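*Asks:* For the sequence shown, the numbering used here gives the first residue as 267, with consecutive numbering after it.
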Amino acid sequence: MRAKLPVVIAGASAPPRPFSPWRRRELPIRLASSKPPRALQNSEGGSRPLGRAWPAVSAALFGAGFLLGPLLDGIHSRVGLQVYGNGALDLGPLHTHILVPPLLGAFYCTVGLLQLFLDERAAPGPRSKATGRPRDTATSLIVLALFIELSAEMYMAGVQSNVEAYVLFAVAEFVWLFLDSSWLGFALACLVGVACPLAEVPLVRLLECWSYPNADIQLFGTGLMSWTTTCYFVYTPFLVNLARLLKSRLADDDTEGKEE
């Protein structure tokens with residue numbers, strides 16, 4: 267009888283734990299989020315990696331630049347900031363060039379994919395305000411259009427180029443704080459602001475696509491406007507938002523379709 271006693275005791279179930287009101291509150295907290303841990307950690311640019319969705323995201327970015335880019339560029343051509351040469355197109359009030367839509371499409375695609383690459387490869391840092399949500403994307407687009415309009419109005423009013431450059435550089439810094447505020451976003455905006463005016467040099471000098479009648483700087487013998495770099499700088503937060511928005515829609519939809 268004594269030999270069987272430990273067996274009986276070992277097989278007996280443990281006594282119930284005392285009731286605690288705090289334990290009942292843990293269950294709703296754990297069930298409140300239906301997203302996997304990876305989705306919670308990678309909230310910028312969608313919860314899924316880009317993967318095989320990159321052709322769709324690239325095409326969407328190129329299409330947005332092809333259609334939307336010339337409209338924003340037309341704000342400057344309206345005031346005669348640049349004058350188009352061979353291949354100029356006049357579509358009603360819009361003055362542009364035959365190469366502008368594909369060039370801006372490539373611009374949107376390149377910057378957008380670069381940002382998505384950095385989102386997946388760069389070490390996590392301070393959270394960017396450019397989340398890619400529809401509201402943030404629309405806000406950055408409106409701010410970009412207003413900034414380009416401000417630069418056009420100052421140019422049309424005859425403000426000296428150095429004064430306009432100081433004002434636009436200060437406003438561009440504020441826009442970065444308002445729309446992004448991350449150092450990675452600042453570095454990308456600076457890269458875009460420097461690289462894009464340099465990319466205009468062969469288009470202006472060799473192909474003679476357009477020219478700047480009141481150019482205030484010379485790069486490799488080509489006349490450019492110094493403050494246009496601020497326009498590219500402010501362009502970047504919008505492209506970051508747009509790329510993250512498209513990725514969150516297209517990459518997630520592609521993954522969900524395969525799971526079904």
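Think of the CB as a built atom: it goes at the ideal place given N, C-alpha and C, for glycine as much as any other residue.
Fair warning: this is a prediction, and the values are worked out from it, not measured in the lab.
Give the range of the alpha helix (DSSP H) segment to which glycine 335 is assigned.
*Replies:* Glycine 335 -> alpha helix (DSSP H) spans 320-344.
*Asks:* Is there contact between the stretch 470-490 and the stretch 394-401, where contact requires at least three CB pairs shorter than 8 Å?
*Replies:* No contact exists between the stretch 470-490 and the stretch 394-401.
*Asks:* Is it the case that the Cβ atoms of tyrosine 421 and leucine 485 are separated by a distance below 8 Å?
*Replies:* For tyrosine 421 and leucine 485, no; Cβs fall outside 8 Å.
*Asks:* On the DSSP letters alone, give me the boundaries of the alpha helix (DSSP H) that threonine 376 sits inside.
*Replies:* 366-387 is the span of the alpha helix (DSSP H), which, as asked, contains threonine 376.
*Asks:* For tryptophan 442, does the three-state DSSP call read helix, strand or coil?
*Replies:* Note: tryptophan 442 maps to helix in three-state DSSP.
*Asks:* Pick helix, strand or coil for aspartate 402, following the three-state DSSP scheme.
*Replies:* Helix at aspartate 402.
*Asks:* Flag this pair as yes or no: are the beta carbons of phenylalanine 328 and cysteine 375 separated by less than 8 Å?
*Replies:* Yes, Cβ-Cβ distance for phenylalanine 328 and cysteine 375 is below 8 Å.
*Asks:* Where do the N-terminal and C-terminal ends of the beta strand (DSSP E) with alanine 574 fall, by residue?
*Replies:* What the structure shows of the chain is the stretch from 267 to 526, and residue 574 is not part of that stretch, so it cannot be assessed.
*Asks:* Please classify proline 359 as buried or exposed, where buried requires at least 16 other C-beta atoms within 10 Å of its C-beta.
*Replies:* Classification for proline 359: exposed.
*Asks:* With distances taken between CB atoms, is the gap from valine 377 to valine 458 smaller than 8 Å?
*Replies:* Yes; because the gap between Cβ atoms is below 8 Å, this pair is in contact.
*Asks:* Where valine 506 and alanine 396 are concerned, what is the direct C-alpha to C-alpha distance, given to the nearest angstrom?
*Replies:* The straight-line gap from Cα to Cα measures roughly 7 Å.
*Asks:* Beta-carbon within less than 6 Å of serine 492's beta-carbon, same chain only, minus the 5 sequence neighbours each way: which residues are those?
*Replies:* Within the same chain, serine 492 has close Cβ partners Ala431, Asp482 and Ile483.
*Asks:* Tell me, to the nearest whole angstrom, how far the beta carbon of serine 394 is from that of aspartate 446; I am working on the premise that it is less than 8 Å.
*Replies:* 5 Å between Cβ atoms; contact.
*Asks:* Taking only the alpha-carbon atoms, compute the straight-line gap between leucine 334 and threonine 494 and give it to the nearest angstrom.
*Replies:* Cα to Cα, leucine 334 sits roughly 18 Å from threonine 494.
*Asks:* Could you name the residues of the same chain whose beta carbon sits closer than 7 Å to that of leucine 512, not counting the 5 residues immediately before and after it, in chain order?
*Replies:* Result list for leucine 512: Val323, Ala326 and Leu327, in chain order.
*Asks:* So, at 6 Å on beta carbons, what are the nonlocal neighbours of phenylalanine 332 in its own chain, with the 5 sequence-adjacent residues on each side left out?
*Replies:* The residues are Pro367 and Gly371.
*Asks:* By Cβ distance below 8 Å, which residues in the same chain neighbour leucine 416 in space, the five residues on each side in sequence not counted?
*Replies:* Contacts found: Leu434 and Val437.
*Asks:* For threonine 496 versus valine 470, is the C-beta spacing smaller than 8 Å?
*Replies:* No; because the gap between Cβ atoms is not below 8 Å, this pair is not in contact.
*Asks:* Is it buried or exposed for leucine 464, if we count other Cβ within 10 angstroms and need 16 for buried?
*Replies:* Leucine 464 is exposed by the Cβ-count criterion.
*Asks:* Could you check where the beta strand (DSSP E) with leucine 450 kicks off and where it finishes?
*Replies:* Segment 449-471 is the alpha helix (DSSP H) holding leucine 450; no beta strand (DSSP E) there.
*Asks:* Can you pull the DSSP bridge partners for leucine 485?
*Replies:* Beta-bridge pairing links leucine 485 to Thr488.
*Asks:* Contact defined as beta carbons within less than 8 Å: I believe glycine 340 pairs with histidine 363. What is the distance between those atoms, to the nearest angstrom?
*Replies:* Incorrect: roughly 11 Å between the Cβ atoms, too far for contact.
*Asks:* Any idea what DSSP makes of threonine 397, helix, strand or coil?
*Replies:* Coil at threonine 397, not helix or strand.
*Asks:* Let's test the definition: count the other Cβ atoms within 10 Å of the Cβ of glycine 451 and tell me whether it reaches 16, buried, or not, exposed.
*Replies:* Buried is the call here.
*Asks:* For phenylalanine 373, count the other beta carbons within 10 Å of its own beta carbon; 16 or more makes it buried, fewer makes it exposed. Which is it?
*Replies:* Flag for phenylalanine 373 reads buried.
*Asks:* Only counting the same chain, and skipping five residues up and downstream in sequence, which positions put a Cβ closer than 6 Å to that of serine 406?
*Replies:* Same-chain partners within the cutoff: Leu445, Pro503, Phe504 and Asn507.
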